[in-house]
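A short worksheet on the structure shown next.
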Amino acid sequence: MSGARRLLGAAGQALLREDPLAAADAIVVLGGAPSRRAPAGRRRLLAAGWAPRLLTVGGTQARGGWADARRTRLALLDLGVPEAAIEAVAQDARGTADEARVVVALAAARGWTRLIVVTSPYHCRRAGMLFGRRGAAVGVDICVAPAREDPFDPGAWWVDGRQRRLARNELLKQLAWTLRLRPR
């Protein structure tokens, strides 16, 4: 393997995070890619009994469109999740930092102590970092679980146009947050 491929592979690996699962108060399915993230929340986590409820979060309702939270809720209903087990929150959360702020505040207000956050594999590291910082401040533990239904190959992400775009954007966002170039 060439040096450039090793470096690109290491960059892809730097995006990944998967925490050991533990019983939680809720599974949080982040906005974006509802058809890929919702099945992971439903099949792998809710059906296995890791938490009694799913929270959907994210997106904006620009020009009358559906917020990600609502679209994810509909995807979960289509997968057979009972309506009573789903709660759509933060429908106008414009990004992961907003999602973390709103969801962790909700968890703290309800006295919850652990959340499982579901997102795309390339997004797990930064999502875990943002949710983890918020959670640590109020005593809410965060577990991050990648949605395996959203394909991402950390060893060859640069050969696929979609993965290349997503990884590039995520690497830049992760760098910005790591260097604290964005507001908390």
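According to our numbering, the sequence shown is numbered sequentially starting from 532. Cβ coordinates follow ideal geometry from the N, Cα and C atoms, glycine included. The model shown is predicted, which means the values in this text are computed figures rather than measured ones.
Can the beta-carbon of V671 be found less than 8 angstroms from the beta-carbon of W643?
On the sequence shown, position 140 is the one that residue 671 refers to. On the sequence shown, position 112 is the one that residue 643 refers to. Yes. Within cutoff.
Quick check on D691: does DSSP put it in helix, strand or coil?
In the sequence shown, residue 691 corresponds to position 160, counting from 1. Residue state, collapsed to three classes: coil.
From D550, L702, P565 and E680, pick the residue whose C-alpha is nearest to that of A619; which is it?
Numbered from its first residue, the sequence shown carries residue 619 at position 88. Nearest of D550, L702, P565 and E680 to A619, Cα basis: P565.
Cα separation between A545 and D599?
By one-based count along the sequence shown, residue 545 stands at place 14. By one-based count along the sequence shown, residue 599 stands at place 68. Approximately 26 angstroms, taken between the alpha carbons.
How long is the line joining the alpha carbons of V612 and R711, rounded to whole angstroms?
As a working mapping, residue 612 is identified with position 81 in the sequence shown. As a working mapping, residue 711 is identified with position 180 in the sequence shown. When rounded, the distance between both Cα atoms is 38 angstroms.
Starting from the Cα of E680, find the closest Cα among E549, L552 and A571 and give me that residue.
On the sequence shown, position 149 is the one that residue 680 refers to. Residue A571 is the option with its Cα nearest to E680.
Measuring alpha carbon to alpha carbon, tell me which of L607, D684 and L661 ends up nearest R718.
Missing from the structure shown is residue 718; the chain here goes from 532 to 715 and no further.
Restricting to Cα atoms, I'd like to know which of P652, V648 and Y653 is closest to R665.
By 1-based counting over the sequence shown, the position of residue 665 is 134. Among P652, V648 and Y653, the Cα nearest to that of R665 is on V648.
Considering Cα atoms alone, identify which of S533, L605, G540 and A535 is closest to P685.
Taking the sequence shown and counting its residues from 1, the one referred to as residue 685 is at position 154. Selected option, being the one with the closest Cα: G540.
Applying the criterion that 16 or more other CB atoms from any shown protein chain within 10 Å of the CB defines a buried residue, is Q519 buried or exposed?
The question about residue 519 has no answer here: the residues shown for the chain are numbered 532 through 715.
Could you tell me the distance, in whole angstroms, from the CA atom of A615 to the CA atom of A578?
The residue you call residue 615 lines up with position 84 of the sequence shown. The residue you call residue 578 lines up with position 47 of the sequence shown. Roughly 14 angstroms between the two C-alpha positions.
Where the alpha helix (DSSP H) containing A639 begins and where it ends:
As a working mapping, residue 639 is identified with position 108 in the sequence shown. A639 -> alpha helix (DSSP H) spans T627 to R641.
What does DSSP give as the partner residue(s) for D672 in the beta ladder?
Counted from its first residue, the sequence shown places residue 672 at position 141. Answer by DSSP bridge pairing, in chain order: R645.
Threshold first: 4 residues or longer. Then list the alpha helix (DSSP H) segments lying entirely within the segment 551-578, N to C.
565-570
Have a look at the DSSP bridge pairing and note the partners of V588.
For this step, residue 588 is matched to residue 57 along the sequence shown. Its beta-bridge partners are V620.
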